[in-house]
């Protein structure tokens, strides 16, 4: 539709075209206000087409400026959020680093504890084996002492019998 209107405006056949002017129309032009006369002359000279294009371009430019203003407002708002987000990111990065360090420390402590427990168990096992060895020695001594005691009892009994037979 715009192209068709432009075609008519180029040819001077707009809705108020002056290619052919009737007699009554000439008087109207002469008696018209200066603003109306200017509009009629611009339309007949083909300037109106460029004014409409200019108005359309100015309207688009205004819309673009409004959009640019909105974009600048959004950008300003986002720039205000960037620094706090950077700080949060730095805190999160530090937290992650410290968490990994803590995890490593926990592993090291656990390994140390396990080694300590293992050493304690080995020491206790050594003590237990030593005590078992001592117990075995004491048990052997007990058996030997029991045998000696039994031997002495038997000898005493024989001596008692002998003493009895002598009396």
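In the numbering used here, the protein residues as written are 0 to 166.
For each residue, glycine too, the CB sits at the ideal point set by N, CA and C.
Since we're looking at a predicted model, the values are computed, not measured.
Residue i: first and last residue of the uninterrupted alpha helix (DSSP H) it sits in
{"i": "residue 152", "result": "46-165"}
Rounded distance between the beta-carbons of residue j and residue i, thought under 8 Å
{"i": "residue 28", "j": "residue 36", "result": "6 Å"}
{"i": "residue 50", "j": "residue 41", "result": "7 Å"}
Cβ shell of residue i (< 8 Å), same chain only, five flanking positions each side left out
{"i": "residue 163", "result": "none"}
{"i": "residue 104", "result": "none"}
Own chain partners of residue i with C-beta closer than 6 Å, once the 5 adjacent residues on each side are dropped
{"i": "residue 116", "result": "none"}
Spatial neighbours of residue i in its chain, beta-carbon cut-off 7 Å, leaving aside the 5 residues before and after
{"i": "residue 75", "result": "none"}
{"i": "residue 63", "result": "none"}
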